[in-house]
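Q: Heads up, the sequence shown is in my numbering, so the first residue is 900 and it goes up one at a time. Here's a structure for you.
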Amino acid sequence: MKLFTVAIAVVLLAGFTLAEDKAPKVVRVVGTSEVKMAPDRAVIELGVEKQNASASLAKQSADVAARKILEDLRTSGIDEKDIQTTFLSLHPQFNYHKGMRISYFVAEQTLTITVRDISKLDTLLESLIKAGGNRIDSIQYEISDLRKYRDQARELAMKAAREKAQALAQALGQDIGKAQYIEEVPESSYQYSGLVANSYLETSRGRSKSTSSTASGENRVSASVQVSFELN
């Protein structure tokens, strides 16, 4: 029985050795890349906020301002599909020093507007504030053809991975062969947003029309891949 057990152990050990010998020799690397580009559109979060002791009057006041803003947007050439009401609220404000009595009501509306011509952004913002917008929550700069840049970043990441693997192999006097394993590491694109204060209209008065008060900067799309190449 002992001889039989030893024989099985020798056979298993030999099998493991053969498996290790047959295991492909690879070099594993991570390739990364980043593509920069100028954004070609902006998404504005514009708000209207009105207060009144009467809930209905607060709501009516906000509605009037919202209608003027919508009319101004259409006059400015903004497409209907690029205008969306994303927030609507009517709530009381309490005076806690007087036994939770209601002091006044606040009516709020928020519009999300996509501006596809960034050169008109400053003019549009000033026009919207004159029309009744009294709160600009954010401006986010975006790229319309984002997939093209993602594909470009992915291709550059693969190239970087191959170059890195080749350099590592050559340092050992070897070479690389076919890729045995490829995995893309999820990456998110960087979309920068700028905040414009509610005092935008006052701070922009008196400036030359050719002077912009907003800056779109650059957006970045990155890609990362893990690749295993045969090591020859």
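All residues carry an ideal CB built from backbone N, CA and C; glycine is no exception.
Return helix, strand or coil for residue 1057, following the three-state DSSP convention.
A: Correct three-state label for residue 1057: helix.
Q: Could you check if residue 993 belongs to the surroundings of the ligand SAM, using beta carbon to heavy atom distance under 7 Å?
A: In the structure on display, the ligand SAM does not appear, and there are no ligands present to speak of.
Q: Looking at the secondary structure, which residues open and close the beta strand (DSSP E) in which residue 1036 lies?
A: Residues 1034-1041.
Q: Can you pull the DSSP bridge partners for residue 1052?
A: DSSP output for residue 1052 lists no bridge partner at all.
Q: What three-state label does DSSP hand residue 970 in the structure shown?
A: In the structure shown, residue 970 sits in a helix (DSSP, three-state: H, G or I).
Q: Rounded to whole angstroms, what is the Cα-Cα separation between residue 1029 and residue 965?
A: Computed Cα separation, rounded: 12 Å.
Q: I need the straight-line Cα distance from residue 1130 to residue 938, nearest angstrom please.
A: Straight-line Cα distance between these residues: approximately 42 Å.
Q: Where do the N-terminal and C-terminal ends of the beta strand (DSSP E) with residue 1075 fall, by residue?
A: Element bounds for residue 1075: 1075-1084.
Q: Name the residue from 954, 1115 and 1121 whose alpha carbon lies nearest to the alpha carbon of residue 941.
A: The candidate whose alpha carbon is nearest that of residue 941 is 1115.
Q: Evaluate residue 973 with the Cβ neighbour count: other Cβ atoms within 10 Å of its Cβ, from every protein chain shown; 16 or more gives buried, anything less gives exposed.
A: It counts as exposed.
Q: Nearest to residue 1040 by CA position, among 1012, 989 and 961, is which residue?
A: Minimum Cα distance to residue 1040 is reached at 1012.
Q: Count Cβ pairs between the segment 1016-1029 and the segment 950-961 that sit closer than 8 Å; are there 3 or more?
A: The segment 1016-1029 vs the segment 950-961: no contact.
Q: How would you write the range of the beta strand (DSSP E) that residue 935 sits in, first residue to last?
A: Per DSSP, residue 935 belongs to the beta strand (DSSP E) from 925-936.
Q: If we call anything under 8 Å between Cβ atoms a contact, is residue 1035 one with residue 968?
A: No, they are not a contact pair.
Q: If we count the other Cβ atoms within 10 Å of its Cβ and call it buried at 16 or more, is residue 985 buried or exposed?
A: Classification of residue 985: exposed, given that the 10 Å Cβ count is below 16.
Q: For the alpha helix (DSSP H) that residue 1030 lies in, which residues bound it at each end?
A: Where residue 1030 is concerned, the enclosing alpha helix (DSSP H) stretches over 1020-1030.
Q: Between which two residues does the beta strand (DSSP E) carrying residue 945 extend?
A: Unbroken beta strand (DSSP E) run through residue 945: 940-951.
Q: Give me whichever residues DSSP pairs with residue 1113 in a beta bridge.
A: Note: residue 1113 sits in no beta bridge, so no partner.
Q: Name the one or two DSSP bridge partners that residue 1131 has.
A: According to DSSP, which records beta bridges pairwise, residue 1131 is partnered with nothing at all.
Q: Looking only at its own chain, which residues have a Cβ that is under 6 Å from the Cβ of residue 1002, when we skip the five neighbours before and after it?
A: Contacts found: 992 and 994.
Q: Comparing alpha-carbon positions, which option in 1053, 924, 976 and 945 lies nearest residue 1085?
A: With distances taken between Cα atoms, residue 1085 lies closest to 1053.
Q: For residue 1002, which of helix, strand or coil comes out of DSSP?
A: If DSSP states are grouped into helix, strand and coil, residue 1002 belongs with the strands.
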